[in-house]
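Below: one structure, written as structure tokens.
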Amino acid sequence: MTIKVYMTNIAGNQLTVGNQRKVKHILDVNKIDYVDIDISDPKNVAEKEFLQRALSPINKTLHLPQIFNNEEYCCDFDGILSAVESDTLKEILKLDN
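So for the sequence shown, our numbering puts the first residue at 1061; every next one is plus one.
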């Protein structure tokens, strides 16, 4: 299973930049392997389109970062913070213990 963190490297919003950094830090500290996918990179157009299609039916807007386990939606920034606070990070990321 692959954790995918959808993000952007050209965010003009410092809150987005900070949130992306915090998510990566949380995953690193918890020794969770992940792939970060920069949807602003032209080579990732298919990934950006997937993200938009995946978020639409669950009424989520494209606020980065967004976290998936393979093709399955896990959470956004607020969701991962809540999971850390409630000690349910592996559950929300759909990881086996």
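Virtual Cβ for every residue (Gly too), placed ideally from N, Cα, C.
Are three or more beta carbon pairs between the segment 1098-1107 and the segment 1074-1086 nearer than 8 Å? Judged by Cβ distances under 8 Å, the segment 1098-1107 makes no contact with the segment 1074-1086, as fewer than three pairs qualify.
Can you grab the Cα-Cα spacing for the pair A1143 / K1108, in whole Å? Answer to the nearest angstrom: the Cα atoms are 25 Å apart.
Since D1138 is in the alpha helix (DSSP H), which residue starts that stretch and which ends it? From DSSP, the alpha helix (DSSP H) with D1138 extends over F1137 to E1145.
Backbone secondary structure at N1079 - three-state DSSP: Looking at N1079 - three-state DSSP - the assignment turns out to be helix.
Looking only at its chain, what residues have a beta carbon closer than 8 Å to the beta carbon of T1062, apart from the 5 residues adjacent to it on each side? Cβ within range, chain order: D1093, Y1094, V1095, N1129 and N1130.
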